[in-house]
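Peer 1: Note that my numbering has the sequence shown beginning at -13, numbered continuously upward. Here you go, one structure.
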Amino acid sequence: MKQYLIPEQGNFYKANMHMHTTVSDGRMTPEETKEEYLKRGYSIVAFTDHQVLVPHNDLTDENFLAITSTEIDFNQTGNAYGFIKTYHLNLYSRDPNQTRYSAFTAKKVQYPEYTPQDMLDYNYPKDYDVELINRTIEKAREEGFFVSYNHPVWSTQTYADYIDLKGLWGVECHNTGCDRTGYPDTPQPLDDLLRTGAQVFPLATDDAHNMNHCFGGWLMVKAEKLEYATVIDALERGDFYASTGPEIKELSIENGILHVECSPARSVFVSTERRMSIQKNATDAPLTSVDIDLNKYLCDSNNDKATVKPYFRLTVVDGAGMRAYSRAYFLDELN
Ligand SMILES: [Zn+2]
Ligand SMILES: [Zn+2]
């Protein structure tokens, strides 16, 4: 029976999951952000101003959803600026009205006018290590957030910095602000984390601080309606794909054949936990409907014997080289 890997039911909503406004160090007000993103077909923006959790529910209406969120960071000390490694995490709240988090941060609060007094008074730890980050992620999850790991390339982080992180919801494979300033992210950390057996979702975001960082990377979220809890559930389930251009209109599997409907593409490929991929490349006309036979891969993969838990994920590349990434599907998710 046909299994839809991106749900068949519902609507796609375009989402920018990383945004800075005048509430922290961005140039655009929250109102201008809504206006500019709405104009370009977006329905969702997560307002992730640095270190502060400021709901913008007043902007939410039938065409637009503001997600309550924040970006927190942890900076290595002792080196000159520019050589400092840093962890940046986005915390997305399940509760649209949430205004506080007690997740640790190694940085003093920058925007006191938006910060409750006890958070200002808190003696923030100055450590920088995986253990602190994992405690932070765990605490954030307890407090009703799900957590993304942002722009590892710009953060000058390597495998050793992220491979032991636990409880992440997503990792940025594209960050427009970083890309346009010379630090392009890739899906490498995503695959590294997936190969630990953890489900982590691919993210493409803007991290916009001004108009130069806008409209380059987004999620297409499949949800029944544009309503806070419904969209948050879809995000947490991974009912979305990330993109810098192409559309994935359908992704389903039946009898080991992966079926993809997409906007015109130069190539479509499935990559896996192993050094094994299956590609389809356009010859005469761009690809828009593709069947990829996974039977050999599925046959070769045995969850019991594998040293790495088997998964596959889809990438669609258009004529301009822009990419769309499905999330990874572990084989135990298949019917
Ligand atoms: Zn950041
Ligand atoms: Zn940011």
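Heads up, the beta-carbon is just placed ideally off N, CA and C, and yes, glycines get one too.
#1: Assuming the contact rule is C-beta atoms closer than 8 angstroms, Ile325 and Val133 should be a hit. Round their C-beta distance to whole Å, please.
#2: Measuring from the CB of Glu158, is there a heavy atom of ligand 2 at a distance below 7 angstroms?
#3: Leaving aside the five residues before and after Glu236 along the sequence, list all residues of the same chain whose C-beta is less than 6 angstroms from its C-beta, in chain order.
#4: Do Ala314 and Val302 have their C-beta atoms within less than 8 angstroms of each other?
#5: By Cβ distance, which residues of its chain are closer than 7 angstroms to Pro138, with the 5 residues on each side in sequence left out?
#6: Rounded to the nearest angstrom, how far is the Cβ of Val31 from that of Ser10, given a contact under 8 angstroms?
#7: Under 8 angstroms, do Asn136 and Glu57 count as touching if we go by C-beta distance?
#8: Under the DSSP definition of a beta bridge, which residues are partnered with Leu77?
#9: What's the call for Glu(-6), buried or exposed, on a 16-neighbour Cβ count within 10 Å?
#10: Whole angstroms are fine: how far does the CA of Cys285 sit from the CA of Asp59?
#11: What residues match up with Phe5 in a beta bridge as DSSP calls it?
#12: Could you check if Asp193 belongs to the surroundings of ligand 2, using beta carbon to heavy atom distance under 7 angstroms?
#13: Would Tyr78 and Phe131 qualify as a contact pair, given that the criterion is a beta-carbon distance under 8 angstroms?
#14: On the criterion of 16 or more Cβ atoms from any shown chain inside 10 Å, does Asn76 qualify as buried, or is it exposed?
#15: Let me make sure I understand the geometry here. Which of Gly(-4), Leu45, Val40 has the alpha-carbon closest to that of Glu18?
#16: Would you say Arg299 and Ser257 are within 8 angstroms of each other, going by their C-beta atoms?
#17: So, for Ser263: in the same chain, excluding its five sequence neighbours on each side, which residues have a beta-carbon less than 8 angstroms away from its beta-carbon?
#18: Which class does Lys282 belong to by DSSP, given the choice of helix, strand or coil?
#19: Who are the Cβ neighbours of Gly(-4) in its own chain at under 7 angstroms, not counting the five residues just before and after it?
#20: Any heavy atom of ligand 2 closer than 7 angstroms to the Cβ of Glu233?
#21: Using a threshold of 8 angstroms, state whether the C-beta atoms of Met206 and Lys20 are closer than that.
#22: So the candidates are Gly183, Thr144, Val186, Gly203; which of them puts its Cα closest to the Cα of Arg166?
#23: How would you call Pro188, buried or exposed, if buried means at least 16 neighbouring beta carbons within 10 angstroms?
#24: Relative to the C-alpha of Val294, which candidate in Ile278, Asp318, Ser312 has its C-alpha closest?
#25: Which of helix, strand or coil does DSSP assign to Ala251?
#26: Would you call Leu320 buried or exposed, if buried means 16 or more other Cβ atoms sit within 10 Å of its Cβ?
#27: Grab me the residues of Gln143's own chain with a C-beta within less than 7 angstroms of its C-beta, minus the 5 sequence neighbours each way, in chain order.
#28: Does the Cβ of Asn196 lie closer than 7 angstroms to at least one heavy atom of ligand 4?
#29: Go ahead and label Tyr28 buried or exposed: buried means 16 or more other beta carbons lie within 10 angstroms of its beta carbon, across all protein chains shown.
#30: Let me confirm a value: Leu51 is counted as buried when at least 16 other C-beta atoms fall within 10 Å, else exposed. Which label applies?
#31: Starting from Ile234, trace the beta strand (DSSP E) in both directions and tell me its first and last residue.
#32: Mind checking who Ile243 pairs with in its DSSP beta bridge?
#33: What three-state label does DSSP hand Ile149 in the structure shown?
#34: Could you tell me which of Thr269, Pro250, Leu118 sits nearest to Gln62, measuring between CA atoms?
#35: In whole angstroms, what is the alpha-carbon distance linking Phe(-2) and Ser312?
Peer 2: By the coordinates alone:
#1: Past the boundaries of the shown model lies residue 325; the chain is included only from -13 to 321, so the question cannot be answered.
#2: Taking non-hydrogen atoms of ligand 2 into account, the C-beta of Glu158 is found less than 7 angstroms away from none of them.
#3: Excluding its 5 nearest sequence neighbours in each direction, Glu236 has C-beta neighbours in its own chain below 6 angstroms: Glu247, listed in chain order.
#4: Contact: no.
#5: Answer for Pro138: Tyr148, Asp171, Pro175, listed in chain order.
#6: Contact doesn't hold; Cβ gap of about 14 angstroms is too wide.
#7: Result yes, Cβ atoms of Asn136 and Glu57 sit closer than 8 angstroms.
#8: Within the DSSP secondary-structure output, Leu77 pairs in a beta bridge with Thr56, Val133.
#9: By the neighbour-count definition (other C-beta atoms within 10 Å, threshold 16), Glu(-6) is an exposed residue.
#10: Distance between the alpha carbons of Asp59 and Cys285: 43 angstroms.
#11: One point to set straight first is that residue 5 is Met, not Phe, in the sequence displayed. DSSP, once it has assigned bridges, lists Ala194 as partnering Met5.
#12: Yes, since a heavy atom of ligand 2 falls inside the 7 angstroms radius drawn around the Cβ of Asp193.
#13: One thing to note: Tyr78 has its Cβ within 8 angstroms of the Cβ of Phe131.
#14: With 16 or more other Cβ atoms within 10 Å, it is buried.
#15: Considering only alpha carbons, the answer is Leu45.
#16: Against a cut-off of 8 angstroms, the Cβ pair of Ser257 and Arg299 comes out as a contact.
#17: If we look at Ser263 and ignore the five residues flanking it on each side, its Cβ neighbours are Phe255, Val256, Ser257.
#18: Look at Lys282 here: in three-state DSSP terms it is helix.
#19: Cβ neighbours of Gly(-4) beyond the five flanking positions: Lys208, Ala209, Glu210.
#20: Glu233: no, Cβ never under 7 angstroms from ligand 2.
#21: No.
#22: Proximity to Arg166 across Gly183, Thr144, Val186, Gly203 peaks at Gly203, based on C-alpha coordinates.
#23: Pro188 counts as buried, since no fewer than 16 other beta carbons sit within 10 angstroms of its beta carbon.
#24: If you compare the alpha carbons of Ile278, Asp318, Ser312 with that of Val294, the shortest gap goes to Asp318.
#25: It is a strand residue.
#26: Classification of Leu320: exposed, given that the 10 Å Cβ count is below 16.
#27: Within the same chain, Cβ atoms closer than 7 angstroms to the Cβ of Gln143 are found at Lys71, the five residues on either side in sequence being excluded.
#28: With respect to ligand 4, the structure shown offers nothing to examine, as its ligands consist of ligand 1 and ligand 2.
#29: Around the beta-carbon of Tyr28, 16 or more other beta-carbon atoms lie within 10 Å, marking it buried.
#30: Leu51 is buried by the Cβ-count criterion.
#31: The continuous beta strand (DSSP E) containing Ile234 extends over residues 234 to 240.
#32: As computed with DSSP, Ile243 is found in a beta bridge with Glu240, Asp279.
#33: Assigned with DSSP and collapsed to three states, Ile149 falls in coil, not helix or strand.
#34: Closest by alpha carbon: Leu118.
#35: Rounded to the nearest angstrom, the two C-alpha atoms are 14 angstroms apart.
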